[in-house]
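For reference, the structure is listed below as structure tokens.
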Amino acid sequence: MGAQSALHLENLHGLPCDKLLPWIRLWDEKDRIRFESWPYALEVVSSSPLNAPPGEVEQAVKTAIDVGYRHFDCAFLYANEKEIGSAIRSKISEGVVKREDLYITSKVSQGQDTRVSSEEGGSVHHKQAKREDLYITSKLWNTHHRPAGVLSACKKSLENFGLDYLDLYLLHWPVAFKEGDDLFPKDKSGNFLTEDIDYLDTYLAMEECVRQKLTRSIGVSNFNSEQVTRVLEKSSIKPVMNQVECHPYLQQKKLIKFCKDRDIAVTAYSPLGAPNAMFPPPGCPVLMKDEKLKAIGEKYGKSLAQMALRFLLQSGVIVIPKSTNPERLKQNMDIFDFTINDKDVKYIESLDCDGRTCPFTE
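Numbering (UniProt numbering), first residue to last: 1 to 362.
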């Protein structure tokens, strides 16, 4: 039986809901979504530390918190949970944020209530806060799909972070790898070594993480509509999110509509086209070199990256751009002061060429 929860619009600024982006509410001048099934909000711009060099992650997370990020997308695979946890604990200790205002998402592999505000010139003023200011996501990796090991994988991620709970725990991929220390096990021919473990059984085991309050919610990643349907039909705790590759060259319109119709949020990883993708297909176009999109951005006084992110937001998608550069972190947040007009939206829609940069599902 599928658990039902509606994703609804709420606006604290008194604007009619039909004037807002799909699935989004405004809170402290930052766009967030709220799920009716649980009283927590999620910002639609997140910071992702994927592939950041060791030693840079901790400072990057601190900088991201300073400039206003509250949602952090993490994973056991990224091997940087300890650095992220150290940065988060440091900022909580300094009184910059509350834990409840940070949204921490992970993927199965494994003070005073105040806000950060900005004044003219972009200066940031810090006030005393707690873990609740943050939203942390992590993910269960493919080598940890055996149902009996899901709880321990989640607890390991929490141990790495040095936190008591996650906000969202995602099933990273709907495929199980051979269990072991090698995160990408392959045979002599270079083929991945998989195990016959149904992703549905893994997801059902993840429900216990919610029951034991190790995470506030669970979801999936890299799932197609048929796989999501199986989960909805058999689960008792509904997935609140499906995280997939999505950008102007791979717009995923059918999947986004499918998820939206079922009140499942969609998060776009590689929203800038992943120029440094782990498994890029030969001849894949490079979004960040699109001169026409760059020229359109100049009309709005925005960069190509900001145009790509804003386009996805106007499509009702949460974005998680990766950067450790302080200026780019700020720029990636500076996308709420303009709207792409219909003509330019149509041009960006015409760029869709199924340009998948992470064909790991093939």
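By construction, the Cβ of each residue, glycine as well, lies at the ideal position given by its N, Cα and C atoms. Everything numeric in this text was worked out from a predicted model, so none of it was measured.
The Cβ atoms of phenylalanine 177 and threonine 194 lie closer than 9 Å to each other.
With three or more CB-CB distances shorter than 8 Å, the stretch 155-173 counts as touching the stretch 59-77. Given a length threshold of 4 residues, each whole run of the alpha helix (DSSP H) inside the stretch 223-307 is given here in chain order: 225-234, 253-261, 291-300. Alanine 295 counts as exposed, since fewer than 16 other beta carbons sit within 10 angstroms of its beta carbon.
The C-beta of phenylalanine 338 has fewer than 16 other C-beta atoms within 10 Å across all chains shown, which makes the residue exposed. Under the three-state reduction of DSSP output, valine 96 falls in the coil class, being neither helix nor strand. Contact annotation: isoleucine 318 and proline 248 have beta-carbon atoms that are not nearer than 9 Å. In the DSSP assignment, phenylalanine 72 falls within the unbroken beta strand (DSSP E) covering 71-73. For valine 220, the uninterrupted beta strand (DSSP E) run begins and ends at 218-221, by DSSP. Straight across, the Cα-Cα distance linking valine 345 with leucine 170 is about 31 Å. The continuous stretches of beta strand (DSSP E) do not include threonine 324, and DSSP gives it neither H nor E. Its Cα nearest to that of glycine 316, the residue Lys257 stands out among Lys257, Lys302, Ala274.
Put simply, of Ile88, Ala308, Gly68 the residue whose alpha carbon is nearest the alpha carbon of leucine 166 is Ile88. Relative to the Cα of isoleucine 218, the nearest Cα in the group Ser93, Phe311, Cys246, Leu168 belongs to Leu168. If you draw a 10 Å sphere on the C-beta of serine 270, you find 16 or more other C-beta atoms in it, and that means buried.
Counted as a single uninterrupted DSSP element, the alpha helix (DSSP H) harbouring lysine 156 occupies residues 150-161. Where lysine 213 is concerned, there is no enclosing alpha helix (DSSP H), because DSSP gives it neither an H nor an E.
With contacts defined by Cβ atoms closer than 9 Å, valine 231 and leucine 272 do not form a contacting pair. Lysine 62 is bridged by DSSP to nothing; it lacks a bridge partner. Taking a C-beta distance under 9 Å as the contact criterion, asparagine 332 and glutamine 306 qualify as a contact pair.
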